[in-house]
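Enquirer: Top line first, the protein sequences correspond to chains A and B. With my numbering applied, the first sequence has no gaps in its numbers, which climb one by one up to 176 at the end. With my numbering applied, the second sequence has no gaps in its numbers, which climb one by one up to 176 at the end.
There are 2 protein chains.
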Amino acid sequence: MTTEQLMIDTALASWRQAVAQVSETFNSLTDEQFQREVAPGKNRILYLLGHLTAVNDAMLIILGLGDRLHPELDALFVKNPDKVSKELPTAANLKKYWAEVNQNVLHKMEALSPREWLQRHTAMTDEDLTKNPTRNRLNILLSRARHVSYHLGQVVLARN
Amino acid sequence: MTTEQLMIDTALASWRQAVAQVSETFNSLTDEQFQREVAPGKNRILYLLGHLTAVNDAMLIILGLGDRLHPELDALFVKNPDKVSKELPTAANLKKYWAEVNQNVLHKMEALSPREWLQRHTAMTDEDLTKNPTRNRLNILLSRARHVSYHLGQVVLARN
Numbered sequence: 017m018t019t020e021q022l023m024i025d026t027a028l029a030s031w032r033q034a035v036a037q038v039s040e041t042f043n044s045l046t047d048e049q050f051q052r053e054v055a056p057g058k059n060r061i062l063y064l065l066g067h068l069t070a071v072n073d074a075m076l077i078i079l080g081l082g083d084r085l086h087p088e089l090d091a092l093f094v095k096n097p098d099k100v101s102k103e104l105p106t107a108a109n110l111k112k113y114w115a116e117v118n119q120n121v122l123h124k125m126e127a128l129s130p131r132e133w134l135q136r137h138t139a140m141t142d143e144d145l146t147k148n149p150t151r152n153r154l155n156i157l158l159s160r161a162r163h164v165s166y167h168l169g170q171v172v173l174a175r176n
Numbered sequence: 017m018t019t020e021q022l023m024i025d026t027a028l029a030s031w032r033q034a035v036a037q038v039s040e041t042f043n044s045l046t047d048e049q050f051q052r053e054v055a056p057g058k059n060r061i062l063y064l065l066g067h068l069t070a071v072n073d074a075m076l077i078i079l080g081l082g083d084r085l086h087p088e089l090d091a092l093f094v095k096n097p098d099k100v101s102k103e104l105p106t107a108a109n110l111k112k113y114w115a116e117v118n119q120n121v122l123h124k125m126e127a128l129s130p131r132e133w134l135q136r137h138t139a140m141t142d143e144d145l146t147k148n149p150t151r152n153r154l155n156i157l158l159s160r161a162r163h164v165s166y167h168l169g170q171v172v173l174a175r176n
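Shown next, in the form of structure tokens:
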């Protein structure tokens, strides 16, 4: 294996671990727990499940890897805060979307070569990338992995 | 720049961003806010500042990069949960340690070559690394970056 490929494999392993940790937590929760706020007046766990699903799904667009599965989630879980939308999908449905989205995103990402990981993402111009070459696809993978862990830190607060 | 070096630079940029985000939050807090729990009955922000300082400092050991600056923090912030130790350092002192520790760790990490990033860390045997070559130093960098973001997600809940 080349050095470059091992570095990408290491980054993908970190991504898989981030997703696996929060998936394990989501799968351990009851419907009642999904309705709990992570702290008084803050987001409910159900909202964070939908939010993470929408943001991970949207990685396909920013990485330039094709159409996303659930663009309809953005209005509920990204463009609006919790408790604005009157009706949210059930925890059971969101857990299904979460699994499908992550499987799809991982599958598409695993097909990228090391060189493709260093190309710019679609939210950047070629000129931006010349100025700062670390603003590439790999940067998106690492920042989205941290985004997953950021919200996991919140979800675990409401678990007990 | 080589492909390998650009990948490492991208990972280090993600690390710097994780540390900068939580530093900005810590620097915006009053002494009163450092005493707040992130959710009812959970860790205080002061404890999380000490915890992140201790864990980032300990990266030097696991990466094999020399002695750490503040090993005495482990007893207060890693081996024991919040509210066990009667007396903790002040927020002002911990913020100083936090800045020193991160500067020191970053300085040592920036000196590593791409090849050195793929060597095993000190918590692994050579045999472990042969079985799973992604359990290298880079893996530690990425998992500790996620650890910082995990606790940032908690700190922001108590900010307002």
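Note that beta-carbon positions come from the ideal geometry of N, C-alpha and C, so glycine has one too.
Does any residue of chain A have a CB that is nearer than 8 Å to the CB of Ala74/B?
Expert: Along the second sequence, read from residue 1 onward, the residue named residue 74/B stands at position 58. No, because no Cβ of chain A sits closer than 8 Å to the Cβ of Ala74/B.
Enquirer: Closer than 9 Å by beta-carbon distance: list the chain A residues that pair up with Leu79/B, in chain order.
Expert: Translated into the one-based positions of the second sequence, residue 79/B becomes position 63. The contacting residues do not exist; Leu79/B stays about 14 Å from chain A at best.
Enquirer: Which of the three DSSP states, helix, strand or coil, is assigned to Glu88/A?
Expert: Counted from its first residue, the first sequence places residue 88/A at position 72. DSSP places Glu88/A in coil when its eight states are reduced to three.
Enquirer: Using 8 Å as the limit for Cβ to Cβ distance, is Asp25/B near chain A?
Expert: By 1-based counting over the second sequence, the position of residue 25/B is 9. Taking Cβ atoms only, chain A reaches closer than 8 Å to Asp25/B, which makes this a yes.
Enquirer: For the alpha helix (DSSP H) holding Ser30/A, just list the boundary residues, first then last.
Expert: On the first sequence, residue 30/A is found 14 positions in, with the first residue counted as 1. Note, Ser30/A: alpha helix (DSSP H), 19-43.
Enquirer: If you draw a straight line from the alpha carbon of Gln37/A to that of Glu126/A, how long is it in whole angstroms?
Expert: As a position in the first sequence, residue 37/A is number 21, starting the count at 1. As a position in the first sequence, residue 126/A is number 110, starting the count at 1. Distance between the alpha carbons of Gln37/A and Glu126/A: 20 Å.
Enquirer: Please state the DSSP three-state secondary structure of Arg52/A.
Expert: Within the first sequence, the letter at position 36 stands for residue 52/A. Note: Arg52/A maps to coil in three-state DSSP.
Enquirer: Taking His163/B as the reference, give the member of Asn109/B, Gln135/B, Leu64/B with the closest Cα.
Expert: The residue you call residue 163/B lines up with position 147 of the second sequence. Nearest of Asn109/B, Gln135/B, Leu64/B to His163/B, Cα basis: Leu64/B.
Enquirer: What do you reckon, are the CB atoms on Phe93/A and Ala107/A nearer than 8 Å?
Expert: Taking the first sequence and counting its residues from 1, the one referred to as residue 93/A is at position 77. Taking the first sequence and counting its residues from 1, the one referred to as residue 107/A is at position 91. No, these two residues do not count as a Cβ contact at 8 Å.
Enquirer: For a cutoff of 8 Å on Cβ pairs, would you count Leu85/B as touching chain A?
Expert: Along the second sequence, read from residue 1 onward, the residue named residue 85/B stands at position 69. Closer than 8 Å: no.
Enquirer: Compare the Cα-Cα distances from Asp98/A to each of Lys124/A, Arg60/A, Ala115/A, Ser39/A and report the closest residue.
Expert: Along the first sequence, one-based indexing puts residue 98/A at 82. Among Lys124/A, Arg60/A, Ala115/A, Ser39/A, the Cα nearest to that of Asp98/A is on Arg60/A.
Enquirer: Looking at the structure shown, is Asn96/A part of a helix, part of a strand, or coil, going by DSSP?
Expert: For the purposes of this step, residue 96/A is taken as residue 80 along the first sequence, with counting starting at 1. The answer is coil: DSSP assigns Asn96/A none of H, G, I, E or B.
Enquirer: So which residues of chain A does His167/B contact, with C-beta pairs closer than 8 Å?
Expert: Translated into positions along the second sequence, residue 167/B becomes position 151. Within 8 Å Cβ-Cβ: Gly169.
Enquirer: Just mark Asn155/B as buried or exposed, buried being the case when its beta carbon has 16 or more other beta carbons within 10 Å.
Expert: Counting from 1 along the second sequence, the entry for residue 155/B is found at position 139. Classification of Asn155/B: buried, given that the 10 Å Cβ count is 16 or more.
Enquirer: How would you list, in chain order, the residues of chain B whose beta-carbon sits under 8 Å from the beta-carbon of Asp155/A?
Expert: Your numbering for residue 155/A matches position 139 in the first sequence. According to the sequence shown, residue 155/A is Asn rather than Asp. The answer, in chain order, is Thr26, Ala29, Ser30.
Enquirer: Of all the options Asn43/A, Asn72/A, Leu134/A, which has the alpha carbon lying nearest to the alpha carbon of Leu89/A?
Expert: One-based indexing of the first sequence puts residue 89/A at position 73. For the residues Asn43/A, Asn72/A, Leu134/A, the minimum Cα distance to Leu89/A belongs to Asn72/A.
Enquirer: When the distance is taken between beta carbons, is Arg153/B closer than 8 Å to Leu145/B?
Expert: By 1-based counting over the second sequence, the position of residue 145/B is 129. By 1-based counting over the second sequence, the position of residue 153/B is 137. Not in contact: Leu145/B and Arg153/B (Cβ atoms no closer than 8 Å).
Enquirer: Could you tell me which residues DSSP pairs with Asn152/A in its beta bridges?
Expert: Position 136 of the first sequence holds residue 152/A. Answer by DSSP bridge pairing, in chain order: Arg136/A.
Enquirer: In terms of DSSP beta bridges, what is Arg60/B paired with?
Expert: Your numbering for residue 60/B matches position 44 in the second sequence. Glu53/B.
Enquirer: Quick one: Cα of Met140/B to Cα of Glu132/B, how far?
Expert: Against the second sequence, residue 140/B aligns to sequence position 124. Against the second sequence, residue 132/B aligns to sequence position 116. Distance between the alpha carbons of Met140/B and Glu132/B is about 15 Å.
Enquirer: Apart from the five residues just before and just after Ala34/A, which ones in its own chain have a Cβ nearer than 7 Å to its Cβ?
Expert: For the purposes of this step, residue 34/A is taken as residue 18 along the first sequence, with counting starting at 1. Around Ala34/A: Ala161, Val164, Ser165.
Enquirer: Can you tell which of Leu28/A, Asp142/A, Asn43/A, Ile24/A has the C-alpha that lies nearest to the C-alpha of Lys112/A?
Expert: Numbered from its first residue, the first sequence carries residue 112/A at position 96. The residue with the shortest Cα to Cα distance from Lys112/A is Asn43/A.
Enquirer: Taking the straight line between their C-alpha atoms, what separation do you get for Arg136/A and Ala115/A?
Expert: The residue labelled residue 136/A in the question sits at position 120 within the first sequence. The residue labelled residue 115/A in the question sits at position 99 within the first sequence. Going from the Cα of Arg136/A to the Cα of Ala115/A covers about 27 Å.
Enquirer: Please compile the residues from chain A whose C-beta is within a distance smaller than 7 Å of the C-beta of Pro130/B.
Expert: Here residue 130/B corresponds to residue number 114 of the second sequence, with the count starting at 1. The answer, in chain order, is Thr19.
Enquirer: CA-CA distance, Leu157/B and His167/A?
Expert: Residue 157/B sits at position 141 when you count from the first residue of the second sequence. Residue 167/A sits at position 151 when you count from the first residue of the first sequence. Taking the straight line joining both Cα atoms gives about 19 Å.
Enquirer: For His123/A, count neighbouring Cβ atoms within 10 angstroms of its own Cβ and tell me buried if that reaches 16, exposed if not.
Expert: Here the question's residue 123/A lines up with position 107 in the first sequence. Around the beta-carbon of His123/A, fewer than 16 other beta-carbon atoms lie within 10 Å, marking it exposed.
Enquirer: Taking Cβ-Cβ distances shorter than 8 Å, what residues in chain A pair up with Ala34/B?
Expert: The residue given as residue 34/B occupies position 18 in the second sequence. Neighbours of Ala34/B on chain A, chain order: Arg162.
Enquirer: If you draw a straight line from the alpha carbon of Leu68/B to that of Ser39/B, how long is it in whole angstroms?
Expert: In the second sequence, the residue the question calls residue 68/B occupies position 52. In the second sequence, the residue the question calls residue 39/B occupies position 23. Those two C-alpha atoms are separated by around 11 Å.
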